[in-house]
Amino acid sequence: MDMPKTGEFAHIGKSVVIKGELSGSEDLYVDGTVEGTIQLHGNNLVIGPNGHVHADVNAKGVVVQGKLEGNIRATDRVELRKSAVIVGDIVTQRIAIEDGAYFKGKVEIQKEAKPNRTEQQSDAKSGSAPVASGAAAATSSTLSSGTGSLGAAAPGTTVTKQ
Amino acid sequence: MASVTHSFMKLFRGPFTDSAQAARPVSMAQRLTRRSSGLGEVSRTLRSEEPICVLDIGYTSATNIRYLTERGHKIYSEDLLEASTDPALITKDEQGKTILDSRRFLADNLVYPAAQFDIVLCWNLADYMDESLVKPVVARLWSTIKPGGMLLAFFHTREAGPDAPCYRYHIVGNDVLEMQHVEARRDLRKGPTGAVHTAIEKSFRLQRVFNNRHIETLFRDFGSIKFFLTRDNIREVLVVR
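In order, the protein sequence lines correspond to chains A and E. Residues 1 to 162 in this note's numbering are what the first sequence spells out, letter by letter. Residues 1 to 241 in this note's numbering are what the second sequence spells out, letter by letter.
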């Protein structure tokens, strides 16, 4: 994936180091260092080629070009680019891995949950993405190198330092 | 001179064209296809509707991850050959001989609860891994496989020759594999004897040739062992705990 345009993503530059809990409701591009946890329910995370993340990640979509040590839980898809180095477990609905990526850990595909009205209503209230529960329509892992559309930004990323 | 060398290598590798083809390095992108009887046996378990747990200790293969997750199985991936090239593993034994620290290696790798896996895909790891790690790794694998679980491994025969290329294996069918030449991700270090024993031009090199007795000894703790002879100078071995 190409570098996201400024304004589409909140951007953590390569000289930035963050330790602690990072959460938000907009898409995030990390090209620096993050240690702790990253919570982006319903939004996307891109770890750039210089990114070094030592954290558990919870997001809608995750694209890794740099290094990630920690578990990924993505409600939509995970993409591991050829320069990616990942040590940790991945739980997602779809996964794409480019040839050359290094991965050490478990991959578990969770089937897409059928959205029901109750879930949609509660999600709308809380503003968080639903976590797939492994029922309903069968989806399979896809190994494409497509970029995936990562949504528009909304303000609200917070950083809690420890 | 070239023809003499060619004749010598032909003698070493045997007359089969398959072996000559196997020894010829291919580009990273090129993939060769081969049938695998061992994989055919493993596929019977893979066809199970119950989700099973598979450990792939070869080079990260997106194809294998897709193949297994599409069938609802959990896959664990861990590139042990690459991990064994970590320079921090180099140490000396009681005689002052340089070896790789197997304790340290197993502290960082193959760390799973006991009896977890139904299938372990070992591929050609034992042929290319440093000798000091092979037995400890097999012992650890035994402990992580469920009783009745299987391990699939490939071993070169002597006819394959010392420069048999290191392949990674992609599962593309019930008994069909694609082979792709492996290139090391980092510069490979000098081996215990001082020679660059793991790599030539950033690729792994065959460390030894196991005969059938060596293989039986290596897997003596397992319940059963089955050999499949193939035409490309590889013995496929299926062991059951």
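Using N, Cα and C, we set each Cβ at its ideal position, and we do this for glycine too. These numbers come from a predicted model, not from an experiment.
Nearest in C-alpha terms to isoleucine 75 of chain E, of all of E:Arg213, E:Val138, E:Arg34, E:Ser61, is E:Ser61. For arginine 158 of chain E, the CB contacts under 7 Å within the same chain, skipping 5 residues up- and downstream, are Val209 in chain order. Listed along chain A are Asp89, Lys104, Gly105, Lys106, Val107, each with a C-beta nearer than 9 Å to that of tyrosine 76 of chain E. Any Cβ of chain A closer than 8 Å to the Cβ of threonine 60 of chain E would place that residue at the interface, and such an atom is present.
Secondary structure note for leucine 45 of chain A: its beta strand (DSSP E) is the uninterrupted segment 33 to 47.
Per DSSP, tyrosine 128 of chain E is one residue of the alpha helix (DSSP H) stretching across 125 to 128. Sequence-ordered contacts of the segment 110 to 142 of chain E with chain A are nonexistent [C-beta pairs closer than 7 Å]. Residue contact check for aspartate 86 of chain E against chain A: no CB pair falls below 8 Å.
Around the Cβ of threonine 92 of chain A, a 10 Å sphere holds 16 or more other Cβ atoms; the residue is buried.
Neighbourhood of alanine 101 of chain A in chain E, by CB distance below 7 Å: Thr60, in chain order. Isoleucine 97 of chain A belongs to the set of residues whose beta carbon lies under 8 Å from a beta carbon in chain E. In this structure, the beta-carbon distance from glycine 58 of chain E to aspartate 86 of chain E does not fall below 8 Å. Relative to the Cα of glutamate 69 of chain A, the nearest Cα in the group A:Arg94, A:Arg77, A:Arg81, A:Thr37 belongs to A:Thr37. Taking C-beta atoms as the reference points, glutamate 178 of chain E and arginine 31 of chain E count as a pair closer than 8 Å. In the structure shown, the three-state DSSP call for valine 111 of chain E is coil. Aspartate 56 of chain E is outside the set of residues whose beta carbon lies under 8 Å from a beta carbon in chain A. The alpha-carbon separation between glycine 38 of chain E and lysine 19 of chain A amounts to approximately 48 Å. The three-state reading of DSSP puts serine 143 of chain E in helix, counting H, G and I together.
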